[in-house]
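What follows is one structure encoded as structure tokens, with my remarks underneath.
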Amino acid sequence: MQLELPVTLRTSYPNEVPQDQDILDRINLSRNANLVEGFTYRDNHSEEFPHKFSCEININNSNLWTFFKAFLLSFPEEIAVIYHHCDDEPTYSLYKDKFEILNILSVFEIEIVKDGFLELGIIHNTEDYLEEVFIKKGKYIQYWGMDFEKFKNIADSFSIHQIDDLNFIDEYPVTTEPLQIYMPETTVTSEVIKILDKQLLE
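Letter by letter, the sequence shown follows residues 832 to 1033 of the working numbering.
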């Protein structure tokens, strides 16, 4: 079944992009893309970072917040938030209790999962431990972790399974529209970031 994307994201139409053949070919390829729920898996063979594996995960947008929250609750007690407008450099927050972080982020649940200009994740990183879950602007998840069984148990609970030839929306030309076109009551990206700065950096 085709992946459920937020209303703000879609593959671009040919008349919305530069008339470059490579770009047009990518749009054509997207019609047969394997954009479904699932995850890819990669072992970490580098000593630069201490995580043991990484995954990229497609999940239907209506389940993205619950999925993200399940990982947050499984993290060590102290976590930091990474967030930014997709065109800017990321901000790393102070470490805080994960339940305090959850309360702060829950206010912006809709923006986090549907605003295609906002990227946000959580991290716990020490010299010998790295766990991070990060929601990309394409509203799929990148995950770096230590315990694959824990990851798989959470993924299984959402019926998310490994698919090696999985595709992701940002492999193709994407049109992103402001969330406020569809949900006027939501907070614009820049204001979300200002509020998070105040709550997470002080």
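From the three backbone atoms N, C-alpha and C, an ideal C-beta is built for every residue, glycine too.
In the structure shown, D874 falls within a strand segment according to DSSP collapsed to helix, strand and coil.
In the displayed model, V912 falls within a strand according to three-state DSSP.
Within the DSSP secondary-structure output, R841 pairs in a beta bridge with T1006. A check of alpha carbon separations from I994 across F898, T1017, I888 identifies I888 as the nearest. Ranked by how close their Cα comes to the Cα of I932, the residues D946, L951, D856 have L951 in first place.
Taking the Cα positions, V848 is about 13 angstroms away from N859.
Considering only D851, F880, I966, Y872, the residue with the shortest C-alpha distance to P921 is I966. Distance from the CA atom of D987 to the CA atom of Y974, rounded to whole angstroms, is 15 angstroms. Around S924, the same chain offers A911, V912, L1031, L1032 as residues with beta carbons nearer than 7 angstroms, after the five sequence neighbours per side are excluded.
For V867, no alpha helix (DSSP H) segment is defined, and its DSSP state is neither H nor E. Rounded to the nearest whole angstrom, the C-alpha separation of P1015 and N892 is 19 angstroms. In the structure shown, the three-state DSSP call for I854 is helix.
If you look at N889, you'll find it in the beta strand (DSSP E) that goes 884 to 889. A direct Cα-to-Cα measurement between T1020 and E940 gives close to 13 angstroms. Counting along the chain, the unbroken beta strand (DSSP E) around Q973 starts and ends at 972 to 976. Annotated three-state conformation of L895 is helix, per DSSP. Excluding the 5 residues flanking it on each side, I985 has same chain C-beta neighbours closer than 7 angstroms at A901, F902, S905, in chain order.
Within the same chain, Cβ atoms closer than 8 angstroms to the Cβ of N865 are found at I994, D996, L997, N998, the five residues on either side in sequence being excluded. Take F899, set aside five residues on each side of it, and no residue of its chain has a beta-carbon closer than 6 angstroms to its own.
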